[in-house]
Amino acid sequence: MEIENRIRYEWLALRCQSSDAGAFEDLIAVMERPLLYYATSLIGNPDSALDVLQEVWIKAFRGIRKLKDPGSLRSWLYSITHGIAVDRIRKNYSRSRRRRFNSRIFRRPMSHRLQQKMPLRFIRH
Numbered sequence: 010m011e012i013e014n015r016i017r018y019e020w021l022a023l024r025c026q027s028s029d030a031g032a033f034e035d036l037i038a039v040m041e042r043p044l045l046y047y048a049t050s051l052i053g054n055p056d057s058a059l060d061v062l063q064e065v066w067i068k069a070f071r072g073i074r075k076l077k078d079p080g081s082l083r084s085w086l087y088s089i090t091h092g093i094a095v096d097r098i099r100k101n102y103s104r105s106r107r108r109r110f111n112s113r114i115f116r117r118p119m120s121h122r123l124q125q126k127m128p129l130r131f132i133r134h
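Counting along the sequence shown from 1, when you hit position 88 you're at 97 in our numbering, and nothing is skipped either side.
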């Protein structure tokens, strides 16, 4: 069974590299679901996983002709998915850190006597 799958992926890769009209659509039909599950397991959010998968297909479409070993198509797609998902996680983490940092810098002064809203002031740590 494993050898049959490897031959199937190699055949799909060779078809894509030879500019077969429906080859990339067949590749998407075969690999979309497993890659979506993988991206969702990495990111945790199905909507973000769909965005990642869209980027994966764009990158795969542009780079399929440069693939040296057609038999490694499946692992190549998984590595693209992993790289894009990790980049997305890093960006989200960086944004959340910036938000937390900015919320610590600009705070309202604590005053028990004044119940009214006071303007923001810069707090140095």
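Note that CB positions come from ideal geometry on N, CA and C, so glycine has one too.
(request) Mark A48 as exposed unless 16 or more other C-beta atoms lie within 10 angstroms of its C-beta, in which case mark it buried. (result) Under this definition A48 is a buried residue.
(request) Using 7 Å as the cut-off, classify the Cβ of R71 as near or not near the heavy atoms of the ligand MG, replying yes or no. (result) With respect to small molecules bound, the structure shown includes none, and the ligand MG cannot be examined in it.
(message) Restricting to Cα atoms, I'd like to know which of G80, R74 and Y87 is closest to L62.
(response) Looking from the CA of L62, the closest CA among G80, R74 and Y87 belongs to Y87.
(message) Under 8 Å, with one C-beta from each stretch per pair, do the segment 40-54 and the segment 77-91 reach the 3-pair mark?
(response) Yes: at least three Cβ pairs fall under 8 Å.
(message) In whole angstroms, give me the CA-to-CA distance for L36 and A58.
(response) Taken atom to atom, the span from the alpha-carbon of L36 to that of A58 is near 18 Å.
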